[in-house]
Structure formats: structure tokens, C-alpha cells
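First up is the structure itself, then whatever we jot down about it.
2 protein chains.
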Amino acid sequence: MICFFNNRFLDYEHASLHVSDVGLQRGFGIFDYFLAVGGFIPFFDDYLDRFYGSAMSLNLDVPLSRGEMKEKIFSLIHQNGLTRSAIKLLLTGGYSDDLYLPSVPNFFIINLPVTHSPDEYTEGIKLLLLDYIRFKPEIKTTFYLPTLSLLHELKQKSATEVLYHNSGYISETTRANMFIIRNETLITPSTGVLKGITRKHILQVASGLMAAEQRPVTLQEVFEADEVFITGTSKHLAPVVRIEDQVIGTGKPGRLTLMLAEEFNGYYKRQYSAE
Amino acid sequence: MICFFNNRFLDYEHASLHVSDVGLQRGFGIFDYFLAVGGFIPFFDDYLDRFYGSAMSLNLDVPLSRGEMKEKIFSLIHQNGLTRSAIKLLLTGGYSDDLYLPSVPNFFIINLPVTHSPDEYTEGIKLLLLDYIRFKPEIKTTFYLPTLSLLHELKQKSATEVLYHNSGYISETTRANMFIIRNETLITPSTGVLKGITRKHILQVASGLMAAEQRPVTLQEVFEADEVFITGTSKHLAPVVRIEDQVIGTGKPGRLTLMLAEEFNGYYKRQYSAE
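Each protein sequence line maps, in turn, to chains A and B. Counting in our numbering, the first sequence runs from 24 upward without gaps. Counting in our numbering, the second sequence runs from 24 upward without gaps.
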């Protein structure tokens, strides 16, 4: 695989950076992640908007203009020749003499085979709970240690992700946005979450089909919901059938969840067939 | 400078790691930091206790036994020949095929010249405030993005560190523990903080000199304190004379703070003269 580092293409195997990088030393880094399908990138501009927005929030300079960024990404996809692949953009505060203060950002574009498919989740998944608030949740920072500290427990309990909650309210899961359906109304937290690209388009798809609310959501509401699902770039829409030891709804993917998933799949495919 | 990476000594300039390391990709890393003075490391066992404790909390294997660790660190100090230097231990979740799941940890010992001296802080420092709770504060994780996101403001306002508070209570600053003195009693937060090594020994030094309490501390108490100071490995004991726009105490380092600083300096020097 070829990747892009700062100003050049190189073999991914040789994509190394000095240990003094503050992304490594101090967690001062942002990223974004999206899929390329047959040379097309669904919702490409949404992802770039978010990436440049994350960078600006932390006063990190992205070394490529938006036009250059697109050109490098499409060149990379072409060079690697994968039919379906993942693109990860990673931007850090750069090398640091004192291992603390940032300097000139380091920037990577990584293109790898996709490791997950939405099909993995169709039976419904299980979540664990964690009392945790992400710092500046609207920015896609690299800090996933809270969930990674629970990897053993996730595996042991056959759970996929962790649902973050605090003071009785939920925010999001490790790598996805949370939705509940109650009385045929779709509800998702309005604030304190990363504004997911799939989240945005699910709301778009749902707008013609059912009532939708963006507002604070309590953990209690989640447990009492008729249906629950999470949305993300790799997962699209994954039904949630269990949280910790409690069964959600009927314990099977809900009717409206499956209907939305099917509608979203059609909508998603139209993105790249329209190209 | 020479450093140590996984199983060998190498030139620090060449100390690079692959971009797939989950310390970089997912903030899954811990570290510790201490000083070496003339071939001696004050409170060495305390720092190693904490480092191995942090690793164990996250199920990360340290590739060196405690005996091997000491041997490598002393060898490094000897090879680099600095009279006064800093040692940083860094342990990450290792390289990851999917840029998420950890594998075999990567481990660094870095030995660099010291960039700060306790003398820098004798006039008293200014802190800014941030509503933030560190995740698992008892572990020395690498996530400093919350403070680094305020670097511009810190510089503009001539502030040194950020004081974290939440729901009316304080915890710690970016890189130090917080102490207040009120009615000749020393008070420091009991929980929700990294148990600093300097904190521990300041409490030890203070025990013969004044009353001391470890208990929850409100932000209001900090503003109303007679004296405030922070403690850390590089700073020893730094008087705090201003928080945001508010003057603390008289606006100058307090009498008991200076007395404790002097007592601590004597205690600190006796650590290595006793060797």
C-alpha cells in the first residue's frame, strides 16, 4: 500500500515518524475516516468539512488546500487500486523539542483495505456503558483510551462498543452516534456529540418517513425505547439489541430500524451511481 | 543523545516508530517523567511504582522487569553524560493492523536535557481555568489536548498551566497537583487526581510543620485561600498568585509556601546526598 506523509507518497510499511511527535507524546491530534467505493467517496465534502473544521478548532494548519487534498486522495486510491477501501486522514501537532509544545503539523493520508462491513451488524449488537464525557466532542480527536481500557471486558461480554453517559444523559458510542425510536419518533442527542456524517444523512433519509427530534436523551429513555441503533461510516446503521445485561425492545432489530437501514442503503448507493 | 526503544539503545534522532502505533492513532499510551541529578534519581522507586501501576491498569505489558528497567535507565544516563537531565518512559499499545486494536506494546526511554528549573517559578505563576475531568486521573495517560487547545490563550495571558475543575470542585492542573493553605492548614484534593510524587513528599515534609488535609476542595475555597501552590517533578513547588483575572492571597508567594519550598529543597537534596 502507498500512503501520503506531509508532502510525498511513500510505501505504508516505511511510514514512520519521530517519537517526539506530540500526537504520540501528548495526544494532540485529530483525524477523519471515510470509505472509497469504486473510486468514489460518498459524502466526501462532508468529511472534508469536518476534518478542516477539527483542524481549525485546534489551530492546526492542514498542509494541503482542499483542492490539493482531493487530488492526493484520488491519486492514492488510484495507486493502490482497491475496489473498496478506507481513507484515514491524521494530523498532529508535529515534532516537539520538549515533547510538549507543538511545532509544524505532521499529516498522513492512509489508504487501507476496509476491515468491517455493515453486514456484520445486521443481527444487532450489544453495548457496554461508561460514565465519560469526551473533551470537545465536536472535534474528531484521537483519544480512544477510555474504550480501549475496556477491550478485555468488551470481548468477554461480546459487546461491540461503549455507550458514553454522564449525569443521566447519553452522548454517543465509541465510534458511532446513537439513535432511539419511541412511539414511531426518531430521537438523537443534539449536543455533546460528534456530528457524524452518517448521522446527518440518516436524519435526511428519515425526514420523509417519520418524526425526528434532536434533543437531550436520558439513559432511562434508551432502556425504555422501542428500538435503538447506532450510525457510523463503517457500520452505516447497526441495530442495538442489548445494553449491558438489559434487552432493548424485543431483543431483535426493530421494524423501523430495518426500514431506515434499507432506505439508507438505497440513498447511499445513489450517491455514487449519481457520479 | 541516546535513547532506548523496545530492546535496544539507539540515537534519539533515529527513534522513529510506524504510524500505525495506537499511542498515536488512538491515544492509547502511558508515560512517566522524572529527573536524574548527577547520576542519582530522586524518588526513583516512587516513579517506577507509578509507571508499572499505570501499565497494569491498562493491561499493558512493560517489556522490562524492574531490575532491567533500572539498569537500562542508569546505562542511558551514563551514555549521555548529562549532569542534570529528564527521563521519560513512554509505553503504547503498539502497532495495529486496523489502526484500532492494540498488539505488542512499544516502549521508549528518552533522556533529554531538562528544559525547566524550579527557579523559573519563584515569583509566582498564573493559572487559567478549564471545566474538565481527566479520564482515570490516577493513570498517567498521554492526553494533554485539553490544555494544548488553550496554548494561544495561555501565552496571551502569560499563564503557565490550566486548573481543571468540575461541578464546583477542583482536581489538578495540567502537569501538577494543587495545594491551598487556609488558616495555616495545608489542603489538597484527595481523589480524582494523579497522585504526584512531589505531592506525596510535600505532604511528608509538611507533616512535621503544619496541619494537612486530603479532601475534596471547591473552586471557591481556592479563590478564598491565603496561599496557593502547585507541585510537580520539574517545578517542585510553584506559588500560584493569580487564577484567571483574580489575585490569590496577597498576589505574592505566601510565607508558608516559601517555607515549605525551602524545607522541600533541603529534603530533596538529602535524597541524593544520602546515596
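We put the CB at the ideal spot given by N, CA and C, even for glycine.
Contact between the segment 204-211 of chain B and the segment 269-283 of chain B is present: three or more C-beta pairs spanning the two stretches fall below 8 Å. In this structure, the CA atom of residue 259 of chain A is about 8 Å from the CA atom of residue 284 of chain A.
Residue 84 of chain A has its alpha-carbon roughly 13 Å from the corresponding atom of residue 51 of chain A. Not a single CB atom of chain B sits nearer than 7 Å to the CB of residue 197 of chain A.
Not a single C-beta of chain B is nearer than 7 Å to the C-beta of residue 214 of chain A. When the five nearest sequence neighbours on each side are left out, the beta carbons in the same chain lying within less than 8 Å of the beta carbon of residue 181 of chain A are those of 149, in order along the chain. Taken through DSSP and simplified to helix, strand or coil, residue 162 of chain B comes out as coil.
Proximity of chain A to residue 31 of chain B at the Cβ level (cut-off 8 Å) is not reached, the minimal Cβ distance being about 14 Å. Per the coordinates, the alpha-carbon of residue 249 of chain A lies some 58 Å from the alpha-carbon of residue 96 of chain B. Taking residue 144 of chain B as the centre and dropping the five residues before and after it, the same chain places the C-beta of 258 and 261 closer than 6 Å to its C-beta, in chain order. For residue 177 of chain B, the uninterrupted alpha helix (DSSP H) run begins and ends at 174-179, by DSSP. A contact is defined here as three or more CB-CB pairs under 8 Å, and the segment 172-190 of chain B fails this definition with respect to the segment 33-41 of chain B.
DSSP, read as helix, strand or coil, puts residue 266 of chain B in strand. About 17 Å separates the beta carbons of residue 213 of chain B and residue 162 of chain B, which is beyond the 8 Å limit, so they are not a contact pair. Look at residue 90 of chain B here: in three-state DSSP terms it is helix. Spanning the alpha carbons of residue 287 of chain B and residue 222 of chain B requires a straight line of approximately 11 Å. In this structure residue 113 of chain B does not touch residue 100 of chain B by the C-beta definition: roughly 17 Å separates them, more than the 8 Å allowed. For residue 167 of chain A, the C-beta contacts it makes with chain B under 9 Å involve 45, 48, 49, 50, 51 and 123, in order along the chain. Scanning chain B for C-beta atoms nearer than 7 Å to the C-beta of residue 101 of chain A yields nothing, as the closest lies near 21 Å away. A check of alpha carbon separations from residue 104 of chain A across A/215, A/24 and A/69 identifies A/24 as the nearest. Burial is judged here by how many other beta carbons sit within 10 angstroms of a residue's own beta carbon; residue 129 of chain A has at least 16 and is buried. Around the beta carbon of residue 154 of chain B, fewer than 16 other beta carbons sit within 10 angstroms, so the residue counts as exposed.
Contact note: residue 40 of chain B reaches chain A through 39, 40, 42 and 47, using a C-beta cutoff of 8 Å and chain order. Taking a C-beta cut-off of 8 Å against chain A, the contacting residues of the segment 167-181 of chain B are 167, 168, 169, 171, 172, 174 and 175, listed in chain order.
Sequence-ordered contacts of the segment 78-102 of chain A with chain B read 81 and 82 [C-beta pairs closer than 7 Å]. Between residue 198 of chain B and residue 255 of chain B the beta-carbon gap is near 6 Å, inside 8 Å, which marks them as a contact. The three-state reading of DSSP puts residue 187 of chain A in strand, counting E and B together. Looking from the CA of residue 57 of chain B, the closest CA among B/290, B/164, B/226 and B/70 belongs to B/70. Ranked by Cα distance from residue 194 of chain A, the options A/239, A/107, A/273 and A/290 are led by A/239.
Taking the C-beta atoms as reference points, residue 42 of chain B is found no nearer than 7 Å to residue 119 of chain B. DSSP, read as helix, strand or coil, puts residue 288 of chain A in helix.
Interface annotation for the segment 269-297 of chain A against chain B: empty, criterion Cβ-Cβ distance under 7 Å. The beta carbon of residue 57 of chain B sits no closer than 7 Å to any beta carbon of chain A. Residue 38 of chain A is not a Cβ neighbour of residue 54 of chain A, given a cutoff of 7 Å.
Using beta-carbon distances, residue 256 of chain A does not count as an interface residue toward chain B, since no partner is under 7 Å.
For residue 172 of chain A, the number of other beta carbons within 10 angstroms of its own is at least 16, and it is reported as buried.
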